[in-house]
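Q: Position one of the sequence shown corresponds to residue -12 (the numbering used here), numbered consecutively onward. A virtual CB, placed ideally from N, CA and C, is assigned to each residue, including glycine.
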Amino acid sequence: LVVMHAAQLAKQGAPLKKILDEIAKVKNKIRCSYILPDTKIFYQRGYTSKVVSEIFDKFQMHPILRTHDSKLTIIGFRTGRLEKEWRKFFRFNLRHINRIDDKIIFIVHTGCSVKQQEMILEDVNRCMKFKKVVFVQASSASACNAGLNSVGFAVYHK
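#1: Determine, using beta-carbon pairs with one atom in the stretch 105 to 116 and one in the stretch 77 to 86, whether at least three such pairs fall under 8 Å.
#2: Just the Cα atoms here: how many angstroms apart are residue 147 and residue 135?
#3: To the nearest angstrom, report how far apart residue 124 and residue 106 are at their CA atoms.
#4: Just to confirm, is the Cβ distance from residue 96 to residue 16 under 7 Å?
#5: With residue 88 as the anchor, note down where its beta strand (DSSP E) starts and where it stops.
#6: Near residue 48, which residues of its chain fall below 6 Å by C-beta distance, leaving aside the five closest residues on each side in sequence?
#7: What residues are listed by DSSP as bridge partners for residue 18?
#8: Do you know offhand how far residue 40's Cα is from residue -4's?
#9: Just mark residue 26 as buried or exposed, buried being the case when its beta carbon has 16 or more other beta carbons within 10 Å.
#10: Using a threshold of 7 Å, state whether the C-beta atoms of residue 137 and residue 23 are closer than that.
#11: I'd like to know whether the C-beta atoms of residue 121 and residue 76 end up nearer to each other than 7 Å.
#12: Between residue 142 and residue 88, which are expected to be in contact by the criterion C-beta below 8 Å, what is the C-beta distance as a whole number of angstroms?
#13: Under 7 Å, do residue -11 and residue 10 count as touching if we go by C-beta distance?
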């Protein structure tokens, strides 16, 4: 989202100083959230403690993460079948539609099938109508840090 904003400003002929200032402003307006199937890889990479990982695994909890100050933080969890929890994840995170800019949403996933992507799109549209929805398969580096069937999204807040 930041790169798209910078590219748009550059296309409009904005000077570098203005582009950098705008990037600093827009970074604070972007919200990114993720739901992972489990904490195994998150623990292996040193992002959480062994105790937290064992608790999440024992109770089959799916961690919910949010970026804050360029760091991923576990902010909650969902329990239940993963695909069902995706619905609740989007419903919960997109519930304040008056705070979210409806221009674009980036949905990032690691290895979701076409059927799962269609289901996610349906759920997102049920919560909020975006002018543009972009599905992106996560990079292999992200997939290694999140695990298969992890889903996340990024939106602008007003």
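A: On the basis of the coordinates in this document:
#1: The stretch 77 to 86 and the stretch 105 to 116 touch, with three or more beta-carbon pairs separated by less than 8 Å.
#2: The structure shown has nothing for residue 147, since the chain only spans -12 to 145.
#3: Taking the straight line from one Cα to the other gives about 16 Å.
#4: In this structure, residue 16 does not lie closer than 7 Å to residue 96 by Cβ.
#5: Secondary structure note for residue 88: its beta strand (DSSP E) is the uninterrupted segment 87 to 96.
#6: Taken in chain order, the residues that qualify are 64 and 66.
#7: By DSSP's assignment, residue 18 forms a beta bridge with 142.
#8: The alpha-carbon atoms of residue 40 and residue -4 are separated by roughly 43 Å.
#9: Residue 26 is buried by the Cβ-count criterion.
#10: Contact: yes.
#11: Taking 7 Å as the Cβ cut-off, residue 121 and residue 76 do not qualify as a contacting pair.
#12: Indeed, because the Cβ distance is near 7 Å, the residues count as touching under 8 Å.
#13: By the CB criterion at 7 Å, residue -11 and residue 10 fall inside the cutoff.
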